[in-house]
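Structure first, commentary second.
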Ligand code: PRX
């Protein structure tokens, strides 16, 4: 069947790897899950399966009902009361594991901090009191815009402790992106830092936000972490801005964890969809924690007393929420938390960290793997990675060559690779191998997690047993998003309309092979995946158009060896503006300011006009063909067919 899959990887090439890797007997023998019967058990009674996982958590009040499903509205563990931070901290300390390390933190500047569960609990309790002292109420939104420092998970847990809803914004996003997300989530308190470190230099954070903050009249307080020890100028507005360390000194040490309803919101996280307006994905407490602790345990085969786990994502993305903070801490696991870039101060930084802490599990994105391959096909001599026992991948399709390199070079050929498919909206890993059970094929996320039901369907929603189509999820799962913040209609329309109210429309294209294995190919909507991060074409377009010189813009994703996809923008200028190299630089900077550096177009192509249908819709598909130098089919349906020839010339000229 014909489906439009944007610029996904080369499907046929992807599926033509012959290799299949069975779990080794040795791995199987000690794995948390080594018996395939677990799939049948979960399938026979999914609710009982999830309840079994929920029972591993501490509940202040047991639930009356596992699931209430009034499609597409789900409630999990109805009537149950729980405190997420209690489950991530207090209960481990109470069980005598207070001295266990929660995070080995490595700063970009080489600083090291070892944070035990007891340490993290006391920081969290105190900071929860700071939030209370600042007037934060249960259900209120608290913004978090921080570098990867231990204060970030502590701030999240402090919110969870008092029932506040955190809204983390990735530290690489711009002040304007922070402003928009704070405004739309009605945040009254924001936690940030004086600066973040970039290649040894402090980059002001708080100061860069000041203008945006002044445009937020509802922002009562801004709490500022002193990351650099006073090295950057940080103007503090009297009555609004306060220092983290001063507030902590003034706050009480004890803050009991209050139980909240299982469905009490835990966080919102904004993600890109196919419009310019980011979506506030809303997750809840009991179901989310059940889903992430279950998948973290089973997929990464966690034994807390044995493993040192490193998820090299950023806390600003869902991967950081689910698999740096909540999943690992709920499981009492020891993690590495790393602030910096992989190549600062040198390209061996990751290997150094793995060796120093004896990391056993590494979870990262294909974009990082491709970068390492580019640096050299071998790990530089002298680094010992023999403690690694399991490798994970997430964020975008991984091509089989990169998968094999990951397994052979980083994993020394002995570590299973788990390619985990999921989304901000799913909250938890949905399609993945279980390393002690599933035979893996390089490039395939393999099978749905036990209890999860996934199907590939045609345009009409008919199930495709074998072949390509649209990926759907068929059954509620505990960590699923419950709604979009203050926008239930958009939630229904975006995810639960195309194939009916009972079927979750993922927005990805996928194929199922003869063994029932899933191969996720990429997005079917106008979302570009840059380095594993979702950006909407529309969001980038509207930021371009907000520049005074730009009349119109169209944005597409093009394959990129390093970042998976890269942004190409076609720009039409206002009268009186001339194309120039300086203007290209200015527009890229403009997008960086509006959204963040990640969204900067790699390529800008000037166009006198854009190819449009007679009804005025921009034909992005045609732009992709032009940019990639492909043959163009029939263009007579265009309002002005001459436009494509003209743009084609520009593309060619740019390549010369
Ligand atoms: O297109 C899929 C891709 O990333 C999207 C989800 O992006 P986000 O919500 O930002 O979450 C990223 C981290 C979970 C998906 O719709 N994606 C994610 N993981 C994979 C993937 N594509 C292929 N294989 C994966 N393992």
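Residue numbers (my numbering): 666 to 1321. Each residue gets a CB set at the ideal place from its N, CA and C atoms; glycine is no exception.
Short Cβ contact (9 Å threshold) for residue i with residue j
{"i": "residue 751", "j": "residue 776", "result": "no"}
{"i": "residue 1062", "j": "residue 1107", "result": "no"}
{"i": "residue 1222", "j": "residue 1269", "result": "no"}
{"i": "residue 931", "j": "residue 910", "result": "no"}
{"i": "residue 1003", "j": "residue 1034", "result": "no"}
{"i": "residue 1274", "j": "residue 1237", "result": "yes"}
{"i": "residue 1143", "j": "residue 1013", "result": "no"}
{"i": "residue 792", "j": "residue 767", "result": "no"}
{"i": "residue 1101", "j": "residue 695", "result": "yes"}
{"i": "residue 783", "j": "residue 1081", "result": "no"}
{"i": "residue 1298", "j": "residue 1316", "result": "no"}
{"i": "residue 874", "j": "residue 854", "result": "no"}
{"i": "residue 964", "j": "residue 1057", "result": "yes"}
{"i": "residue 739", "j": "residue 1010", "result": "no"}
{"i": "residue 799", "j": "residue 848", "result": "no"}
{"i": "residue 1126", "j": "residue 1163", "result": "yes"}
{"i": "residue 1059", "j": "residue 1036", "result": "no"}
Beta-carbon contacts of residue i that lie in its chain and below 6 Å, excluding the five residues immediately before and after
{"i": "residue 686", "result": "1105"}
{"i": "residue 669", "result": "Note on residue 669: pLDDT 37, under 50, position unreliable in the model; the coordinate value appears next. There are no such residues."}
{"i": "residue 908", "result": "889"}
{"i": "residue 861", "result": "812, 836, 868 and 870"}
{"i": "residue 995", "result": "752, 753, 954 and 958"}
{"i": "residue 856", "result": "809, 820 and 888"}
{"i": "residue 1290", "result": "1297"}
Per DSSP, the bridge partner or partners of residue i
{"i": "residue 1188", "result": "1173"}
{"i": "residue 908", "result": "889"}
{"i": "residue 728", "result": "In the DSSP output, where bridge partners are listed per residue, residue 728 has none listed."}
{"i": "residue 1222", "result": "1232"}
{"i": "residue 1322", "result": "The shown model of the chain, from 666 to 1321, leaves out residue 1322, and the question about it has no answer."}
{"i": "residue 974", "result": "1000 and 1026"}
{"i": "residue 768", "result": "780 and 1000"}
{"i": "residue 1135", "result": "1122 and 1174"}
{"i": "residue 1339", "result": "The requested residue 1339 is not part of the displayed model; the chain covers only 666 to 1321."}
{"i": "residue 930", "result": "949"}
{"i": "residue 1198", "result": "1195"}
Cβ shell of residue i (< 7 Å), same chain only, five flanking positions each side left out
{"i": "residue 1301", "result": "none"}
{"i": "residue 922", "result": "748, 750, 751, 755 and 826"}
{"i": "residue 1120", "result": "1128, 1137 and 1139"}
{"i": "residue 786", "result": "754, 755 and 758"}
{"i": "residue 1047", "result": "none"}
{"i": "residue 1256", "result": "1205, 1208, 1209, 1264, 1265 and 1266"}
{"i": "residue 698", "result": "963, 1099, 1101 and 1102"}
{"i": "residue 815", "result": "768, 770, 778, 780 and 1002"}
{"i": "residue 1332", "result": "Residue 1332 lies beyond the range of the chain shown here (666 to 1321); nothing can be said about it."}
Helix, strand or coil at residue i according to DSSP, with G and I counted as helix
{"i": "residue 1269", "result": "strand"}
{"i": "residue 1065", "result": "helix"}
{"i": "residue 742", "result": "strand"}
{"i": "residue 958", "result": "helix"}
{"i": "residue 753", "result": "helix"}
{"i": "residue 1120", "result": "strand"}
{"i": "residue 980", "result": "coil"}
{"i": "residue 1325", "result": "Past the edges of the chain, shown from 666 to 1321, lies residue 1325, and the structure says nothing about it."}
{"i": "residue 695", "result": "helix"}
{"i": "residue 835", "result": "coil"}
{"i": "residue 985", "result": "helix"}
{"i": "residue 748", "result": "coil"}
{"i": "residue 1205", "result": "helix"}
{"i": "residue 1301", "result": "coil"}
{"i": "residue 1047", "result": "coil"}
{"i": "residue 1275", "result": "coil"}
{"i": "residue 1056", "result": "strand"}
{"i": "residue 1128", "result": "strand"}
{"i": "residue 944", "result": "strand"}
{"i": "residue 1102", "result": "coil"}
Close-in-space but distant-in-sequence residues of the same chain around residue i (CB under 8 Å, 5 per side omitted)
{"i": "residue 1261", "result": "835, 837, 838, 839 and 842"}
{"i": "residue 676", "result": "Note that residue 676 scores 47 on pLDDT, short of 50, meaning its location in the model is unreliable; the coordinates nonetheless yield the value given after this. Result list for residue 676: 670, 1133, 1176, 1184 and 1186, in chain order."}
{"i": "residue 781", "result": "763, 764, 765, 766 and 767"}
{"i": "residue 937", "result": "943, 944, 1192, 1199, 1200, 1201 and 1204"}
{"i": "residue 1311", "result": "1272, 1273 and 1274"}
Output the residues surrounding the ligand PRX, defined as those with a CB atom closer than 7 Å to any ligand heavy atom, in chain order. 936, 982, 983, 984, 1058, 1059, 1060, 1061, 1062, 1063, 1084, 1085, 1086, 1087, 1088, 1089, 1090, 1110, 1171, 1172, 1173, 1185, 1187, 1188, 1194, 1197, 1198 and 1199
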